[in-house]
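Protein chains in written order, with my numbering: chain A, 2 to 389; chain B, 35 to 256; chain C, 308 to 692.
Remarks on the structure that follows.
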Amino acid sequence: MKIPVSYTFRNLWARRWTTLLTAGGMALVVFVFAAVLMLEEGLRKTLVDTGSYDNVVMIRRSAQTEVQSLIDRTQAALLESQPTVALGADGARMVSKEIVVLVNLNKRDSGRPTNVMVRGVGTATLTLRPQVKIVEGRMFRPGASEIIAGRSAADRFKGAGIGEMLWFGQREWRVVGVFDAERSGFDSEIWGDADQLMQAFRRPVYSAVVAKLGDSARFDEFKRAVESDQRLTVEAKRETQFYADQSEVLAGFIKYLGLTLSVIFSIGAVIGAMITMYASVAARTAEIGTLRALGFPRSSVLAAFMLEAALLGVTGGCVGLFFASFMQLFTISTMNWQSFSELAFSFTLTPAIVLKTLAFALTMGVMGGFLPAVRASRLKIVDALRAV
Amino acid sequence: MVVEIRHLAKAYQRGDQIVPVLTDITLDIAAGDYVALMGPSGSGKSTLLNLIAGIDKPDSGSLCVGGVDIVTLDEADLAAWRARNVGFIFQFYNLMPVLTAFENVELPLLLTDLGARERREHVHAALAMVGLSDRLEHYPSELSGGQQQRVAIARAIITDPTILVADEPTGDLDRASAEDVLNLIDRLNRELGKTIIMVTHDPHAAAKARSIRQLDKGELAG
Amino acid sequence: MYHLKMIFRNALRHRLRTALTVLGIVVAIVAFGLLRTVVDAWYAGAEAASKSRLVSRNAISLVFPLPLAYAGKIRQIDGVKAVSHANWFGGVYITEKNFFPQFAVHAPTYFDLYPEFVVPPAQLRDFQRDRKGAIVGRRLADTYGFKVGDSVSLRGTIFPGNWEFVVRGIYDGADNKTDVSQFFFQWEYLNEVARKVAPRRVNSVGVYVIGLSAADRAAEVAANVDTTFKNSLAETLTETEQAFQLGFVSMTEAIVVAIRIVSYLIIFIIMVVMANTMAMTVRERMSEYATLKALGFGGGHLATLIFGEAFVIAGLGAVCGIVLTYPLADRFGKATGTLFPEFRVHDETVWLQLACAALIAVVAALLPCWRATRVRIVDGLRNIG
């Protein structure tokens, strides 16, 4: 393009308010777009980070979640004794037999009740889940009415903070520790001794069995052995896959809704850009005629206006992205429809999202500017010059 | 002959009516000529100027400028041809409001292969010639009408074009500024030997030219 | 009336610009309407719920059942007119996408407590006589083509296995708010099969539904029920049906709030676009306004012209948008199938759409109008655009 770039920049500056308003409209759209992508990413990160690739989760066949599943002691013992299961440092099998129930707790901010996952775990659980670390207090003592709460749960639910008490299963449970699970799904859970919880709820059956594989590559072998055994009625999945599946509906919903909204919003922004660019062309008709008379080719005029539109888009994109990045300070907590329990996740910004967002903004600008730029380039010189 | 026109005709479409503007124009302009085209409003003088400058296409006839029949050139070639061969001086100066005087004059050079340093030298020279060396960094809004026109003239001569076309160059100027501009154009013709074709309805301006051609209802008189 | 003529002709001067602005407003109004309808649909279940029926569940959470034995005790509580019970089945009809609520209900008593579920008496009788019978809502029948006499197979999740039912009746809603997308079958059948495949779940009730003798005694009766079972193995939490339904909605509150915010955001975006358009338009016509002022027209006239044009454009966009909202909501409702109990555009939404359009027009015209009325005649006339 032979027309100097400074010409385009200065023209945007010359019509400052219009530029600001148009870019502002785009910034809003970009904000929504980026926020949705960040939310998706946050959800994915939370759920995928829940669990390790080397762990296998087994629940009863046809149950979709741990809460619906029942595995009795006999079956649990059979699963524990599978040869492919890893052995811990102390020689014990790295297996956690867990009971999972939902308990209604009141939120601290709204006072309204919601379902919280309470997981009864075995002593091996922390070795199976190395990403979980106790950051306050201590682990519960087996046999005691003690529980530990995930960071999110402790923050958001009444009675779940360290030193506080919760009442369920006809007992008082003291929160003796808070654990950090690196912002994964476990952060929204409350953990206690499986045996104590089973007694309190009068449920002498487990919900799920989680085992660490001695050799992760032997997963398929393990799965086949466990699913074809006549004495067992379980389904085995890698822990990461299990949690990913749990959020499928919610993730899909966010993605679908977000995409629809972004498309609708972008129409508004593109229309705004179009109106602005058409006005810009109209205001500079005489200039365009002059440039063409001087010998600048049509392609240069087209490029100059496309650049102007693209700059509008990029400006809007940067502003929108800037404000969207502040969303990282917020957490969303909502009920995951599949697990029926509350899940907290946040907005996560990644370089990929930054690139996607800027590309989206650029595209909006270019789409808005295309037709006006074409009009500018196709002006007849004599007509344009006449319009002083 | 720098400009050779044979049987040029041009008509415009207004709604569903076809209005003829020029009928059978034949005209020669020699190198170094300073011609004023005069005539009443609607006589077609501006149209003729536009055709010679290559910013409009005739319906029929031939038009050779500097030996090239520009009627046969396509859009892209015509643009390139204009850049090298035509200098424009408009009634309303037609400067880019967002570019400084320097940058406005530099504009046509961006279509050449010259480097930044060479361009700068040319611009300085052109602005010196029109007496505006001290106004390089001013924007058009900071210049008077006469000064803006002189910047436009510097822009018009910077590529050393074959012809200079001026459409009512003094139409928007006060008496004194108009006088300055006309003197400048005169110098370009006498000292630099530039071929100048000027459209005007101001007889005072026309008087400065070497020859005057009258247009009436699309035909050249005399 | 001269004003009106000028307003319309002015709006048509820049046909492309006006068309684009109108299009932008249409898109924003439609999006706003659809989003609000989604929020309304979210709350629809709770809106239709009764304040004179109580729902009693295990105090720990819905995941825990209540013993069947409680039925008798509840019936004896003062203020209780009738009791029934139901279990959430949560099965899958062919694929997970075909979601609709399925309940195993106590056939003899359930439909007495739900007078808004209108079932032809003969069909109700057939249902009660058939162990494997099922009564489905009209919306289910329409969506999946269920007819009386059809076999329907559900894949159990909580109660594993393939469950076969025969449709014995189709219920309609007493008014258009009633949820007619539910699937009911016999609790006795569930209990019978549970003995074989899920012995832990035998004689377990999900919720008790309680009918009141007097609607204003709801709080009192609810408290009585809970007191009766306090300190027992399964403590209850009893609340009005509406409170119960609202409990679900509040769990996904974050999403609803987000959708609400977003719906106003789009209005804001279009407001910015339209403000920009009006500002540009007025700026370009400044010399005309100056001329009018020179001729003697005061600020009021200018304001009428500018606000008038804004309202005409916004009005056109709003009308087209509102008209389009209905068919689009219909399409969306069909696309989500039975996910929402109802999906229709409420009147309140339409009023809000109009209000938003008016707001857009006012905000867009405000600053340009102020500028135009304040311009000095000589400055304006000098302005060539």
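Here a beta-carbon is modelled for each residue, glycine too, at the ideal position from N, C-alpha and C.
Model, not experiment: these values are computed from the prediction.
Within 8 Å, do at least three Cβ pairs link the segment 225-244 of chain B to the segment 586-605 of chain C? no
So alanine 15/A contacts chain B; which residues on that side make the cut at Cβ distance below 9 Å? For the purposes of this step, residue 15/A is taken as the residue at position 14 of the first sequence. Result: Pro131 and Val132.
What do you get for leucine 540/C, buried or exposed, if any count of 16 or more other CB atoms within 10 angstroms of its CB means buried? If you number the third sequence from 1, residue 540/C lands on position 233. So leucine 540/C counts as exposed.
Closer than 7 Å at the beta carbon, the chain A residues around isoleucine 89/B: Counting from one through the second sequence, the residue named residue 89/B turns up at place 55. Neighbours of isoleucine 89/B in chain A, taken as residues whose beta carbon is under 7 Å from its own, are Ala294, Ile382 and Val383 in chain order.
Measure the C-alpha to C-alpha separation of arginine 225/A and arginine 219/A and round it to an integer number of angstroms. As a first step, residue 225/A must be located in the first sequence, where it is residue number 224. As a first step, residue 219/A must be located in the first sequence, where it is residue number 218. In this structure, the alpha-carbon of arginine 225/A lies about 10 Å from that of arginine 219/A.
Express the C-alpha separation of asparagine 116/A and valine 532/C in angstroms, rounding to a whole number. By one-based count along the third sequence, residue 532/C stands at place 225. By one-based count along the first sequence, residue 116/A stands at place 115. Using only the alpha carbons, I get a separation of about 22 Å.
Cβ atoms of threonine 81/B and leucine 56/B: under 7 Å apart, would you say? Within the second sequence, residue 56/B is the residue found at index 22, counting from 1. Within the second sequence, residue 81/B is the residue found at index 47, counting from 1. Yes; because the gap between Cβ atoms is below 7 Å, this pair is in contact.
Taking Cβ-Cβ distances shorter than 7 Å, what residues in chain A pair up with alanine 117/B? Position 83 of the second sequence holds residue 117/B. Simply Leu295 and Gly296.
Measure the Cβ-Cβ separation of alanine 385/A and glycine 26/A and say whether it is below 7 Å. Locating residue 385/A in the first sequence gives position 384, counting from the first residue. Locating residue 26/A in the first sequence gives position 25, counting from the first residue. No, these two residues do not count as a Cβ contact at 7 Å.
Cβ of phenylalanine 614/C within 7 Å of Cβ of alanine 561/C? As a first step, residue 614/C is located in the third sequence; it is residue number 307 there, counting from the start. As a first step, residue 561/C is located in the third sequence; it is residue number 254 there, counting from the start. Taking 7 Å as the Cβ cut-off, phenylalanine 614/C and alanine 561/C do not qualify as a contacting pair.
Between the C-alpha atoms of methionine 307/A and glycine 290/A, what's the straight-line distance to the nearest angstrom? The residue you call residue 307/A lines up with position 306 of the first sequence. The residue you call residue 290/A lines up with position 289 of the first sequence. Going from the Cα of methionine 307/A to the Cα of glycine 290/A covers about 17 Å.
Nearest-angstrom beta carbon gap, arginine 387/A and glutamate 109/B [assumed within contact, 8 Å]: Mapped onto the second sequence, residue 109/B falls at position 75. Mapped onto the first sequence, residue 387/A falls at position 386. Actually they are not in contact, since the Cβ atoms of glutamate 109/B and arginine 387/A sit about 19 Å apart, beyond 8 Å.
Which one of Tyr633/C, Pro634/C, Glu649/C and Gly628/C has the shortest CA to CA distance from alanine 664/C? Counted from its first residue, the third sequence places residue 664/C at position 357. When each option's Cα is compared against that of alanine 664/C, the closest is Gly628/C.
Under 9 Å Cβ-Cβ, which residues of chain A neighbour alanine 462/C? Here the question's residue 462/C lines up with position 155 in the third sequence. Checking the sequence shown, residue 462/C turns out to be arginine, not alanine. Result: Ser63.
Where does alanine 90/A sit, in a helix, a strand or coil, going by DSSP? To locate residue 90/A, count along the first sequence from 1; it is residue 89. DSSP places alanine 90/A in coil when its eight states are reduced to three.
Under the three-state reduction of DSSP, which class applies to glycine 25/A: helix, strand or coil? Reading the first sequence from its first residue, position 24 is the one you call residue 25/A. The answer is helix: DSSP assigns glycine 25/A an H, G or I state.
Under 9 Å between beta-carbons, which chain A residues line up against alanine 110/B? List them in chain order, please. Along the second sequence, read from residue 1 onward, the residue named residue 110/B stands at position 76. The contacting residues are Pro298, Arg299 and Ser300.
Skipping 5 residues on each side, what residues in its chain have a beta carbon closer than 7 Å to that of isoleucine 684/C? Working through the third sequence from its first residue, we reach residue 684/C at position 377. Ala597, Lys600 and Ala601, listed in sequence order.
Mind checking aspartate 194/A: buried by the 16 CB within 10 Å criterion, or exposed? Counting from 1 along the first sequence, the entry for residue 194/A is found at position 193. With 16 or more Cβ atoms within 10 Å of its Cβ, aspartate 194/A is classed as buried.
On the CB-based measure, 16 or more other CB atoms within 10 Å of its CB, does phenylalanine 371/C come out buried or exposed? If you number the third sequence from 1, residue 371/C lands on position 64. Burial call: buried.
My guess is that serine 340/A and glutamine 242/A are in contact by the Cβ rule of under 8 Å, so how many angstroms apart are they, rounded? The sequence position of residue 340/A within the first sequence is 339, counting from 1. The sequence position of residue 242/A within the first sequence is 241, counting from 1. About 15 Å; that fails the 8 Å criterion.
Please determine, among Ser460/C, Arg475/C, Ile477/C and His392/C, the residue with the shortest C-alpha to C-alpha distance to asparagine 469/C. Sequence index remark: in the third sequence, residue 469/C carries index 162 (1-based). Minimum Cα distance to asparagine 469/C is reached at Ser460/C.
Which ranges does the alpha helix (DSSP H) cover as unbroken runs of at least 4 residues, wholly within the segment 359-403 of chain C, from first to last along the chain? Taking only runs of at least 4 residues, the alpha helix (DSSP H) segments lying wholly in the segment 359-403 of chain C are 377-382.
Taking CB distances under 7 Å as the criterion, tell me whether isoleucine 191/A reaches chain C. Working through the first sequence from its first residue, we reach residue 191/A at position 190. At a cut-off of 7 Å between beta carbons, isoleucine 191/A makes no contact with chain C.
Is the CB-CB distance between leucine 214/A and threonine 335/A below 7 Å? In the first sequence, the residue the question calls residue 214/A occupies position 213. In the first sequence, the residue the question calls residue 335/A occupies position 334. Result no, Cβ atoms of leucine 214/A and threonine 335/A do not sit closer than 7 Å.
Of the residues that make up the segment 136-162 of chain B, which ones have a beta carbon closer than 9 Å to any beta carbon in chain A? Glu137, Glu140, Leu141, Pro142, Leu144 and Leu145
If we ignore side chains and look at the alpha-carbon of each, how far apart do leucine 497/C and valine 474/C end up? On the third sequence, position 190 is the one that residue 497/C refers to. On the third sequence, position 167 is the one that residue 474/C refers to. Between leucine 497/C and valine 474/C, the C-alpha separation is close to 16 Å.
In this structure, does DSSP put threonine 193/B in helix, strand or coil? Stepping through the second sequence from its first residue, residue 193/B is reached at position 159. Coil at threonine 193/B, not helix or strand.
Measure the beta-carbon distance from alanine 389/C to glycine 518/C and round it to whole angstroms, keeping in mind my assumption that it falls under 8 Å. Stepping through the third sequence from its first residue, residue 389/C is reached at position 82. Stepping through the third sequence from its first residue, residue 518/C is reached at position 211. At roughly 4 Å, the Cβ-Cβ gap stays under 8 Å, so alanine 389/C and glycine 518/C are in contact.
Please return the same chain residues whose Cβ sits closer than 7 Å to the Cβ of tyrosine 54/A, not counting the five positions on each side in sequence. Within the first sequence, residue 54/A is the residue found at index 53, counting from 1. The residues are Ser217, Arg239 and Thr241.
Find the residues of chain C that neighbour valine 206/A, judging by a C-beta separation of less than 8 Å, and give them in chain order. Against the first sequence, residue 206/A aligns to sequence position 205. Ordered by position in chain C, the residues that pass the 8 Å Cβ test against valine 206/A are Arg507.
Which residues, taken in chain order from the segment 334-350 of chain A, show a beta carbon closer than 9 Å to some beta carbon of chain B? none
Between alanine 160/B and the rest of its own chain, which residues show a CB-CB distance below 8 Å, the 5 nearest in sequence each way excluded? By 1-based counting over the second sequence, the position of residue 160/B is 126. Closer than 8 Å at the Cβ level, and outside the excluded window around alanine 160/B, lie Val139, Ala188, Arg189, Ile191 and Ile192.
Under 7 Å Cβ-Cβ, which residues of chain A neighbour asparagine 84/B? Taking the second sequence and counting its residues from 1, one reaches residue 84/B at position 50. Going along chain A in sequence order, the residues near asparagine 84/B (Cβ under 7 Å) are Val383.
Can you tell me whether glycine 257/B is buried or exposed, with buried defined as 16 or more other CB within 10 angstroms of its CB? Summary: the structure shown does not reach residue 257/B, with chain B confined to residues 35 through 256, and so no result is reported for it.
Please classify aspartate 523/C as buried or exposed, where buried requires at least 16 neighbouring CB atoms within 10 angstroms. Residue mapping note: residue 523/C aligns to position 216 of the third sequence, counting from 1. Aspartate 523/C is exposed by the Cβ-count criterion.
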